[in-house]
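**Student:** My questions will all concern the structure given below.
Number of protein chains: 2
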Amino acid sequence: MPDEDLAQGLVLQGRITAFVRAFGLHQPDQTPCGTPIPTSEAHALGELDRDGPLTQSTLAQRLRLEKSTVSRLVGQLIGRGWVRRAEHDGDARLVWLEVTPEGRRAAGQLAAARAARFEELLHNIPANQRPVVIDALTTLVEAAAGSEQQAGQSSTPRAGTA
Amino acid sequence: MPDEDLAQGLVLQGRITAFVRAFGLHQPDQTPCGTPIPTSEAHALGELDRDGPLTQSTLAQRLRLEKSTVSRLVGQLIGRGWVRRAEHDGDARLVWLEVTPEGRRAAGQLAAARAARFEELLHNIPANQRPVVIDALTTLVEAAAGSEQQAGQSSTPRAGTA
DNA sequence: CCGGCATGGTTCGACCATACAACTAATTAG
DNA sequence: CTAATTAGTTGTATGGTCGAACCATGCCGG
């Protein structure tokens, strides 16, 4: 019944919209840590810190950004002294992105702030509902990945930064 | 046990982040309708279309944007022929923003496109899970609303996906 | 071994999103 | 009537993103 689907779709829309609003996603910066750092840099740093050295194109895939965007982003991270470019043995085209000790420290602070935020959210969910909510989100992620055109790989990418 | 909470919080974080990425809430343009229109314009038009004529500052409040931003935004909408500025009886400082018939048509298309997007997402959720997911989102919205005070104040912008 | 094509990155130009500050014009308060 | 307030505009700055043009480098097939 298309009509029912439509109605349910609208409810879904309303819920997701409401969540985005209430949780303040979409905030241009937000990053609640000592030094206000741009969101995109936080994402990139988090990814690099979590999953060892990556090449730029790998990072671009992870973040779903264009390589040009990532190039610039990495430049900014390097400017902060958080990331370093190193040569990749065997293929001179590739660039290894390594997080510096400074960067590791910054990433730790960011991760802690982020974790605190989500833990607060978690605490506002009744304990017995928490597994249900998490399961539902997993389903939702899969659905979103599936509806994302044909190229869709990646069922449930592990993530880090928000 | 705080350790368990932390772990669960991290899972929650991962899921939400993954969803934001997978559903493309980060991509600023998106808007999958006939003519690709900027998200912010879509939001503004939707607001005006829904809640009759408004003044610019009212619109700014609704969208939680600066008046300067809204001024430019309205300029763009006028450029598309979707909105018209009219005088406000009694106070020459105010500007009434009225949606033109063209604009009303465009708003309808946008709403339809948005609905289609969410309906597609819905279809990628197994039918028997749909109510569960919707319930979980409701819980999540409540939790987010509850944790909203204290977290980054200042502005909670409108939702994504135009 | 060399020319052609693929691949990873950089730079450039173009938009969009948004904020804050400075300014004008109209209103309201003292 | 002057001073403060309010609505809007314009200028400047930062950030996020893309696509196209371009430069290396690496890989193949003759």
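For the protein sequence lines, the chains are A and G, in the order given. Take 1 as the starting number for the first sequence in full-length UniProt numbering and just add one per residue. Take 1 as the starting number for the second sequence in full-length UniProt numbering and just add one per residue. For every residue, glycine included, the Cβ atom is placed at its ideal position computed from N, Cα and C. Since this is a predicted model, take the numbers as computed values, not measurements.
1. Consult DSSP for residue 165 of chain G and reduce its assignment to one of helix, strand or coil.
2. May I ask which residues mark the beginning and end of the beta strand (DSSP E) holding A/R85?
3. Output, in chain order, the set of chain G residues within a Cβ distance shorter than 8 Å of A/A136.
4. Using the beta-carbon count (16 or more within 10 Å), is G/H88 buried or exposed?
5. Could you check whether G/L122 and A/D3 sit closer than 8 Å to each other, using their CB atoms as the reference points?
6. Determine the burial state of G/A86: buried for a count of at least 16 other Cβ atoms within 10 Å of its Cβ, exposed for fewer.
7. For G/D5, would you say it is in contact with chain A, using Cβ-to-Cβ distances shorter than 8 Å as the test?
8. Under 7 Å between beta-carbons, which chain A residues line up against G/R15? List them in chain order, please.
9. Spell out whether any CB of chain G is found under 8 Å from the CB atom of A/V99.
10. Rounded to whole angstroms, what is the Cα-Cα separation between A/P131 and A/R114?
11. Is the segment 55–65 of chain G touching the segment 99–114 of chain G, taking contact as three or more C-beta pairs under 8 Å?
12. Taking one C-beta from the segment 13–22 of chain G and one from the segment 74–81 of chain G each time, how about it: are there three or more such pairs within less than 8 Å?
13. What distance in whole Å lies between the Cβ atoms of G/F23 and A/G9, which are believed to be in contact at a cut-off of 8 Å?
14. Could you spell out the range, first to last residue, of the alpha helix (DSSP H) harbouring G/G146?
15. State the CB to CB distance for the pair A/V99 and A/A107, rounded to an integer number of angstroms; the pair is presumed to be in contact (CB under 8 Å).
16. Looking at G/L65 and the ligand PLP, is the gap between the Cβ and the nearest heavy atom below 7 Å?
17. Ordered along the chain, which non-local residues of its own chain (more than five positions away) have a Cβ less than 6 Å from that of G/D91?
18. Using 10 angstroms around the beta-carbon of A/A42, count the other beta-carbons present and answer buried if the total reaches 16, otherwise exposed.
19. Flag this pair as yes or no: are the beta carbons of G/L97 and G/V83 separated by less than 8 Å?
20. At 4 residues or longer, what runs of the alpha helix (DSSP H) sit wholly inside the segment 36–82 of chain A?
**Tutor:** By the coordinates alone:
1. As displayed, chain G neither begins before 1 nor continues past 162, which places residue 165 of chain G out of reach and without an answer.
2. As a first step, residue 85 of chain A must be located in the first sequence, where it is residue number 85. Element bounds for A/R85: V83 to E87.
3. Start at 1 with the first residue of the first sequence, and residue 136 of chain A comes out as number 136. Per Cβ cutoff of 8 Å: Q129, V132, V133, D135, A136 and L137.
4. Taking the second sequence and counting its residues from 1, one reaches residue 88 of chain G at position 88. Counting Cβ neighbours within 10 Å, G/H88 comes out exposed, since fewer than 16 surround it.
5. Locating residue 3 of chain A in the first sequence gives position 3, where the first residue counts as 1. Locating residue 122 of chain G in the second sequence gives position 122, where the first residue counts as 1. For A/D3 and G/L122, no; Cβs fall outside 8 Å.
6. Numbered from its first residue, the second sequence carries residue 86 of chain G at position 86. It is exposed - the Cβ of G/A86 has fewer than 16 other Cβ atoms within 10 Å.
7. For the purposes of this step, residue 5 of chain G is taken as residue 5 along the second sequence, with counting starting at 1. Residue-level contact by beta carbon holds for G/D5 and chain A, with a gap shorter than 8 Å.
8. Taking the first residue of the second sequence as position 1, residue 15 of chain G is located at position 15. The answer, in chain order, is I134, L137, T138 and V141.
9. For this step, residue 99 of chain A is matched to residue 99 along the first sequence. By this cut-off, A/V99 is not an interface position.
10. Here residue 131 of chain A corresponds to residue number 131 of the first sequence, with the count starting at 1. Here residue 114 of chain A corresponds to residue number 114 of the first sequence, with the count starting at 1. If I take the Cα positions, the gap works out to 20 Å.
11. When Cβ pairs closer than 8 Å are counted between the two stretches, the segment 55–65 of chain G is seen not to touch the segment 99–114 of chain G, the count staying below three.
12. Not touching, per the Cβ criterion.
13. As a first step, residue 9 of chain A is located in the first sequence; it is residue number 9 there, counting from the start. As a first step, residue 23 of chain G is located in the second sequence; it is residue number 23 there, counting from the start. That belief does not hold up - the Cβ atoms of A/G9 and G/F23 are roughly 14 Å apart, past 8 Å.
14. In the second sequence, the residue the question calls residue 146 of chain G occupies position 146. Element bounds for G/G146: R130 to G146.
15. If you number the first sequence from 1, residue 99 of chain A lands on position 99. If you number the first sequence from 1, residue 107 of chain A lands on position 107. Between A/A107 and A/V99 the Cβ distance is about 7 Å, and since that is below 8 Å, they are a contact.
16. Among the ligands in the structure shown, none appear at all, so the ligand PLP cannot be discussed.
17. Against the second sequence, residue 91 of chain G aligns to sequence position 91. So no residue of the chain qualifies.
18. Locating residue 42 of chain A in the first sequence gives position 42, counting from the first residue. It counts as buried.
19. Mapped onto the second sequence, residue 97 of chain G falls at position 97. Mapped onto the second sequence, residue 83 of chain G falls at position 83. It is a contact, given that the beta carbons lie within the stated cut-off.
20. 39–50, 56–63 and 67–79
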